[in-house]
Structure formats: structure tokens, C-alpha cells
Amino acid sequence: MSKGRKKILQKLSLKANLSVMKTEISFKITCFTGGPVETHAYLIALPEGNLLVDAPEGAADYFREMPINFLILTHSHFDHVMDAAKIVREKKCPVAMHFITEEHLADKTLCRRFGLPYEIEPVKATTYLQESKQQNILGAHFDVFEVPGHCPGSICLYNESAKILFGGDVLFAGGVGRWDLPGGNGKLLIDGIRKKLLTLSPETCVLPGHGPETTIGREAKTNGYLISS
Ligand SMILES: [Zn+2]
Ligand SMILES: [Zn+2]
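Here is the structure:
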């Protein structure tokens, strides 16, 4: 990796060591950014342990000294799961994902069919996640939204008390997930975002899988993919 690129990545990681302080509660969140397309992983300190959302390449090394008590994968794309098996093995932590994500991860030829030179080690889910309210994860409550269209089985995690959304590759600052990859569907994606995410309170902080954080209110007002008819 070039020195310049490393510096940018470090800057991103440092900038994203954020403590989200909203209404009733606050979570300490540590962000790692890594892998070939600068994917974010978020380590969230919850009342009963640390939750890691997504496992890009390099995450296992980055979080080696920190406990990880639960791993959640937002979707099956290679850049979010490259270190998942390693983390589960090293930390002996349970891992939750949509059942479609598990199916994709079991398919060793998937990356090559995408034209990517990677082989992802499969991970079996301890728990399946699907659309649901108030899932207790390490002593905090999360709503799980299924928002396909970027990738089948794609989920977002929402904590109402902290007003925070872990968006995976569904909603970005000024953008939405690409839908030109196998299984993608632009209409499904935009409809899902409008129906399930834009209806959250405007001050909800969105922590996406790539790029800077944003809020639901800002995206509802300014995101060109969502305001045009
Ligand atoms: Zn993706
Ligand atoms: Zn991604």
C-alpha cells in the first residue's frame, strides 16, 4: 500500500472514532476502514459486550487486542466479509446474518463469478437475522430492516434510543448502494429506503459501510436518488 493511501486510511479511521451522543443513551463506537474498497467496520460498546458490524479485510488485525462478543454481517459482498471467518475463529464469538448471506458465503465460486480474485472462507450463522423489532443484542435493542436491492439479504440495524442506523451499503451520504451487481434491483432498493429508513426520525445518525456519516434528515432533503420521483 502506498504511504499516501495508508495515511488517508488512518485519517479516516481516526476521524471515525466517534462517540455518538444522542437522546437517551450513547455508544462508544470505533470505526476501522480497510480492504480494497475502504469498507467500514464498526465496533460498538454495548452494555453486555462489544458488537462488531461487518468484517472487512484487516479488521481481525485491527481489533486483535479488543474483545469482540458478537459479529453481525450486513450483507454478503466480499468487502464486508473478508475477515469474518478469522474473527469468529479467533474471538470465538457468535455471528448473525440474514440466511441469504449465509447461502452466498457458502458459495466459494461467488467472488470469481463477480470477476474478483478472492476466495472467501465461509462462515455459518449462529443466528439468522430477519426483519424484526427490538432484537436484544448484548443488552441493547435493535430493529432489523431488510432492505434488498443492493444485494439480496441486505440488512440495516437501528437503535431507537441512540437514534443510530448501521446502514451497510444501502444508504450513503449523497448516495445509495449500487444495484448493477448480480441480484441488484434499483426500484426495490429505493422503495425500501423510502419506506423503512426515511420514515425514521430526521436526526437519526447513519453510519454507512463506505464514506462519511450522515443523517436521515439530510438524506431525505438532499439525496438526489431519493428526492426525484
Ligand atoms: Zn455491498
Ligand atoms: Zn461495500
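According to numbering that gives the first Met the number 0, the sequence shown is numbered sequentially starting from 0. Idealized CB from N, CA, C, for every residue including glycine.
*State the Cα-Cα distance for the pair HIS149 and MET96, rounded to the nearest angstrom.*
Near 16 Å, if we compare the C-alpha coordinates of MET96 and HIS149.
*Go through the region 102-170 residue by residue and report every complete run of the alpha helix (DSSP H) that reaches 4 residues or more, in order.*
109-112
*Near ligand 1, which residues have their beta-carbon less than 5 Å from any of its heavy atoms, given in chain order?*
HIS76 and ASP168
_Pairs of beta-carbons, one from the region 106-123 and one from the region 158-165, closer than 8 Å: are there three or more?_
no
*asked:* Whole angstroms are fine: how far does the CA of ARG63 sit from the CA of VAL122?
replied: 19 Å
_If you follow the alpha helix (DSSP H) that PHE77 is in, where does it begin and where does it stop?_
77-80
_Does the beta-carbon of THR38, which I'm using as the reference point, lie nearer than 7 Å to any heavy atom of ligand 2?_
For ligand 2, at least one heavy atom lies less than 7 Å from the Cβ of THR38.
*Please look up how many angstroms separate the CB atoms of VAL175 and ILE189, rounded, as I've assumed it's under 8 Å.*
With 8 Å as the limit, VAL175 and ILE189 qualify as a contact, their Cβ atoms being about 7 Å apart.
_Nearest neighbour of TYR127, chosen from SER153, LEU170, SER25 and ILE86 [CA to CA]_ = SER153
*State the start and end residues of the unbroken beta strand (DSSP E) segment that holds LEU234.*
The structure shown does not extend to residue 234, since the chain is modelled only from 0 through 228, so no value can be given for it.
*Rounded to whole angstroms, what's the CA-CA distance from PRO66 to SER227? Just pull it up for me.*
If you draw a straight line from the Cα of PRO66 to the Cα of SER227, it is about 44 Å long.
*asked:* Looking at LEU137: is its Cβ nearer than 8 Å to the Cβ of ILE119?
replied: no
*asked:* Assuming the contact rule is C-beta atoms closer than 8 Å, ILE192 and LEU170 should be a hit. Round their C-beta distance to whole Å, please.
replied: 6 Å
*With a Cβ-Cβ cutoff of 8 Å, do PRO55 and ASP82 count as a contact?*
yes
*asked:* Do VAL36 and LEU70 have their beta-carbon atoms positioned less than 8 Å apart in this structure?
replied: no
*From what residue to what residue does the beta strand (DSSP E) around VAL252 run?*
Residue 252 falls outside the range modelled here, since the chain spans only 0 to 228, and no answer is possible.
_For GLY185, which residues in the same chain have their Cβ closer than 6 Å to its Cβ, ignoring the five residues on either side in sequence?_
Result list for GLY185: TRP178, in chain order.
*Where does ILE24 sit, in a helix, a strand or coil, going by DSSP?*
coil
*Nearest-angstrom Cα distance between HIS76 and PRO151?*
HIS76 and PRO151: Cα-Cα distance of roughly 10 Å.
*Output the distance between the C-alpha atoms of ASP106 and LYS132, rounded to the nearest integer angstrom.*
30 Å
*Using DSSP bridges, identify the partner residues of THR73.*
Beta bridge pairing from DSSP links THR73 with no other residue.
_Can you list, in chain order, the residues of its chain with a C-beta nearer than 7 Å to that of GLN129? Leave out the 5 residues immediately preceding and following it._
HIS97, VAL143 and GLU145
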